[in-house]
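Novice:
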Amino acid sequence: MNSEIFKNKVIKLEQRPKRSFSKFIIGLLRWSILLFFAVMTAFPLIWTLFSSVKSSQEILTSALSLPKKLHWENYVYALKVTGIVQSYLNSIIVTTISILLNAYVSLLAAYVIARFRFRGSAFLMTLFSIGILIPINSALLPIKIIMDNLRLSNSLIGLAILYTAIGIPISVLILRSFILGIPVQVDEAARIDGASLWRTVWKIIIPMARPGIVTIMILQAIYCWNEFLYAIILIALPVKRTLQIAIRFFLGQFFFDYGALFAAMTLAIIPTVVLFIIFQNSVVSSLSMGAVKQ
Amino acid sequence: MKTNQEQRRFIVLALIPAVVLFGTFYILPMLGLIATTFFEWNTIKMGGFIGFDNYLKMFQDNVFYIALQNNLSWSLVAMFIHIPLALMVALLLSKKFRGWKVLRTIYFLPHVISVTAFAVIWMNVFNPSFGLINSVLKMIGLGAMCRNWLYDQATAWPAILLTWVFHVGLYAVIILGEILSIPEELFESAEIDGASGIKQSFHITIPLLRNITGTCVILTVTGGLRYFEGLYIMTNGAPNYRTETLALYLYQKIQLIQYSYANTLGVALLAFGLLFVITGMKLFKLGKSDW
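Which chain is which? The protein sequence lines are B and W, in order.
Residues 1 to 294 (the working numbering) are what the first sequence spells out, left to right.
Residues 1001 to 1291 (the working numbering) are what the second sequence spells out, left to right.
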């Protein structure tokens, strides 16, 4: 066995000079593919950034050139006109309420489904599994009518409750598989020590299922932050617009002031980009974990 | 039997919030969606029973077919171009050469920027007078190819597809996570057997990625069916319904107060989605483990 490995190594060494040209070609190919994707992604963003400090005249006459003079007034104007600060706050409120509510509700349900057999438990699992597959946009009208009747339309809390509900199936299924990974003996030990089931969830399950909870919170946050369809059909009051809805109205607000439009877009995207770059490791690892756990 | 009683109480109380929310915002809307398609409903008040009229109307509606065709081509591009590209990028990144994390971050950026914001950026990219694409074409001497990309009947839908097909970061990251979790020994033994890097990818890595690739296909197809905001902002179905999809058409019908027809389109969207997902699961034999 050992000599076999040795023989292979020798063959490899002999092949190296012959192979170096094809290695070079493969390397070149690899980098051109990777750079192509990077350019496709980054170029529009960098272009937006540069255009945001150009005058509208400059954008129209020389769209690709670097800004000659930095027109920061674009930003001042964009902040003044759009009410972007208010819509930022609204989005933060909706997202925060929804991720907390979703985590609480889903954790309890996932714990019960993972740990107890009762009448209807299999049926409930099936319902949640089907829920994941349903394109919920198809029920736009029925949901609008339900929201109107519950007086949850035009309310940020209402929107947060709806998003919580929409996120339940995926959150429950992800959390359930995390809880199944925790040995039952751990909860039994806590129960023998006299802890109630509520206390067991609070003191044992939450700390132990933390990676799962972080995963569903990130997924839910991305969903809430970006949701557009229900926000636009349920929120009519301008002061309650979420960021996404506000962005849609930017287009009409600037008409031919392209510099300010680019500035507003930059303001809309910078905070999430910065947040992502800070937390990217946990976002990336939890996303791949969440997908596998499904 | 105090514990048993306590347990039963706990089960009920812990399930109530999730079940109530799921019932109110999934089950009730779905039942409402299907039931109302059999009624006339073109004003605020619902009218009488009309049987399958809405469905007959839908099957004679040309715009419905354009929307369906667009949803189909979107799903196929997602399955056969988008995900394979993501797989390729993930395989390339998995070699962990210097700078791979920076590239991963760049690839992922479009997914942290909202679709809405990116749609506005794309409108500017495609803008006929100062847009990025036309400016580049003029610079390299291909000014004759310039056009109003989003409003030209021939290029509108391909332009829409172009807005996302190369943004593979999300699925590349998900697949990459799976590649990195493949036990190292598998590659070592292949190395000993003399398999090259590319051979290793095709014979070891890719077969092991069946499950995760299938999951990604389903995620991207359902995501595509849900996609609305970008189209709504960029074209709203123009030119001449070329960029209509079921989700967008359904929204437009609600705006026109054709409520029961909108719900019929909703049922079509639901059926289309379930059909695709179930086919995808069968195709990739999802849920079966590999090792």
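C-beta: ideal position from N, C-alpha, C; glycine also.
Model, not experiment: these values are computed from the prediction.
Output, in chain order, the set of chain W residues within a Cβ distance shorter than 7 angstroms of MET28 (chain B).
Specialist: Correcting the residue type first, residue 28 (chain B) is Leu in the shown sequence and not Met. Chain W residues near LEU28 (chain B): none, gap ~13 angstroms exceeds 7 angstroms.
Novice: List the residues of chain B that MET1058 (chain W) touches, going by C-beta distances under 7 angstroms, in chain order.
Specialist: Ordered by position in chain B, no residue passes the 7 angstroms Cβ test against MET1058 (chain W), which lies about 14 angstroms from the chain.
Novice: Just grab the DSSP bridge partners of PHE1039 (chain W) for me.
Specialist: W:PHE1049, per the DSSP bridge assignment.
Novice: Which same chain residues end up closer than 7 angstroms to ILE247 (chain B) when comparing Cβ atoms and leaving out the 5 residues on each side of it in sequence?
Specialist: These residues qualify, in order along the chain: ALA268.
Novice: Using a cut-off of 7 angstroms between C-beta atoms, extract the partners of ILE166 (chain B) located in chain W.
Specialist: Near ILE166 (chain B) (Cβ distances below 7 angstroms), the residues of chain W are PHE1025.
Novice: Can you determine whether any heavy atom of the ligand MG sits closer than 7 angstroms to the C-beta of THR1279 (chain W), and answer yes or no?
Specialist: This structure does not include the ligand MG; it has no bound ligands of any sort.
Novice: Less than 6 angstroms between C-beta atoms, sequence neighbours within five positions excluded: which residues of the same chain meet that for ILE277 (chain B)?
Specialist: Correct list: empty, nothing qualifies.
Novice: Just confirm the distance between the C-beta atoms of TYR1249 (chain W) and VAL1063 (chain W), as a whole number of angstroms; I'd bet it's less than 8 angstroms.
Specialist: About 6 angstroms separates the two Cβ atoms, so the contact holds.
Novice: In three-state terms, what does DSSP make of TRP72 (chain B)?
Specialist: The answer is coil: DSSP assigns TRP72 (chain B) none of H, G, I, E or B.
Novice: If we cut at 8 angstroms on Cβ distances, does PHE1022 (chain W) have a partner in chain B?
Specialist: So yes, PHE1022 (chain W) belongs to the interface.
Novice: Of the residues that make up the stretch 1113-1127 of chain W, which ones have a beta carbon closer than 9 angstroms to any beta carbon in chain B?
Specialist: Answer in chain order: ILE1113, SER1114, VAL1115, THR1116, ALA1117, PHE1118, ALA1119, VAL1120, ILE1121, TRP1122, MET1123, ASN1124, VAL1125, ASN1127.
Novice: Whole angstroms are fine: how far does the CA of ALA1119 (chain W) sit from the CA of PRO183 (chain B)?
Specialist: Approximately 46 angstroms, taken between the alpha carbons.
Novice: Can you list the residues of chain W that TYR258 (chain B) reaches, using a CB-CB cut of under 8 angstroms?
Specialist: What TYR258 (chain B) touches in chain W: ASN1124, PHE1130.
Novice: Does the count of Cβ pairs from the stretch 209-225 of chain B and the stretch 174-182 of chain B closer than 8 angstroms reach three?
Specialist: Contact holds: three or more Cβ-Cβ distances are below 8 angstroms.
Novice: Are the C-beta of LEU960 (chain W) and some C-beta of chain B separated by less than 8 angstroms?
Specialist: Chain W is shown from 1001 up to 1291; residue 960 (chain W) falls before or after that span and cannot be answered.
Novice: Going along the stretch 109-137 of chain B in order, which residues come within less than 8 angstroms of chain W, judged by CB to CB distance?
Specialist: Result list: ALA109, TYR111, VAL112, PHE116, PHE118, LEU124, LEU127, PHE128, GLY131, LEU133, ILE134, PRO135, ILE136, ASN137.
Novice: Give a yes or no on whether the C-beta atoms belonging to LEU1274 (chain W) and LEU1246 (chain W) are separated by under 8 angstroms.
Specialist: Not a contact, by the Cβ cut-off of 8 angstroms.
Novice: Taking the alpha carbon of VAL1217 (chain W) as the point to measure from, which residue in W:TYR1171, W:ILE1206, W:GLY1266, W:ILE1106 has its own alpha carbon closest?
Specialist: Considering only alpha carbons, the answer is W:TYR1171.
Novice: Leaving out the 5 sequence neighbours to the left and right, which residues in its chain are closer than 7 angstroms to GLU1178 (chain W) when beta-carbon positions are compared?
Specialist: Excluding residues within five positions, the ones whose Cβ falls inside 7 angstroms are LEU1209, ILE1212.
Novice: Just the C-alpha distance for ILE205 (chain B) and GLN57 (chain B), rounded to the nearest angstrom, thanks.
Specialist: Computed Cα separation, rounded: 60 angstroms.
Novice: May I ask which residues mark the beginning and end of the alpha helix (DSSP H) holding TRP202 (chain B)?
Specialist: That residue, TRP202 (chain B), is in no alpha helix (DSSP H); it is neither H nor E in DSSP.
Novice: Counting only Cβ pairs nearer than 7 angstroms, list the residues of chain W close to VAL76 (chain B).
Specialist: Here the premise fails: no neighbours, minimum Cβ distance about 20 angstroms.
Novice: Helix, strand or coil for LEU1031 (chain W) per DSSP?
Specialist: Reduced to three states, the DSSP call for LEU1031 (chain W) is helix.
Novice: Give the straight-line distance between the Cα atoms of THR1024 (chain W) and SER153 (chain B), rounded to the nearest whole angstrom.
Specialist: Roughly 15 angstroms separates the two Cα atoms.
Novice: Under the assumption that LYS298 (chain B) contacts GLY259 (chain B) (Cβ atoms under 8 angstroms), give the Cβ distance between them as a whole number of angstroms.
Specialist: Residue 298 (chain B) lies beyond the range of chain B shown here (1 to 294); nothing can be said about it.
Novice: Can you give me the Cβ contacts of PHE1202 (chain W) inside the same chain, cut-off strictly under 6 angstroms, excluding the 5 residues immediately before and after it?
Specialist: Hits under 6 angstroms: none found.
Novice: Taking the straight line between their C-alpha atoms, what separation do you get for PHE34 (chain B) and ALA264 (chain B)?
Specialist: It should be pointed out that residue 34 (chain B) corresponds to Leu in this sequence rather than to Phe. Their Cα atoms are separated by approximately 30 angstroms.
Novice: Mind checking ARG241 (chain B): buried by the 16 CB within 10 Å criterion, or exposed?
Specialist: It counts as buried.
Novice: Under 6 angstroms Cβ to Cβ from ASN149 (chain B), same chain only, skipping five residues before and after it: list those, please.
Specialist: If we look at ASN149 (chain B) and ignore the five residues flanking it on each side, it has no Cβ neighbours.
Novice: Which term fits VAL39 (chain B), buried or exposed, when burial requires 16 or more other beta carbons within 10 angstroms of its beta carbon?
Specialist: Result: exposed.
Novice: Is ILE145 (chain B) helix, strand or coil by DSSP?
Specialist: Helix at ILE145 (chain B).
Novice: Given a threshold of 16 other Cβ atoms within 10 Å of its Cβ, counted over all protein chains shown, does ALA109 (chain B) qualify as buried or as exposed?
Specialist: Buried is the call here.
Novice: Are the beta-carbon atoms of TYR111 (chain B) and VAL201 (chain B) separated by less than 8 angstroms?
Specialist: For TYR111 (chain B) and VAL201 (chain B), yes; Cβs fall inside 8 angstroms.
Novice: State buried or exposed for TRP72 (chain B), treating a residue as buried only when at least 16 other CB atoms are found within 10 Å of its CB.
Specialist: Exposed is the call here.
Novice: Could you tell me which whole alpha helix (DSSP H) segments of length 4 or greater appear in the stretch 1051-1085 of chain W?
Specialist: 1053-1059, 1062-1077, all fully within the stretch 1051-1085 of chain W.
Novice: Measuring only between beta-carbons, confirm whether PRO1017 (chain W) sits less than 8 angstroms from chain B.
Specialist: Chain B, which has a Cβ nearer than 8 angstroms to the Cβ of PRO1017 (chain W), makes this yes.
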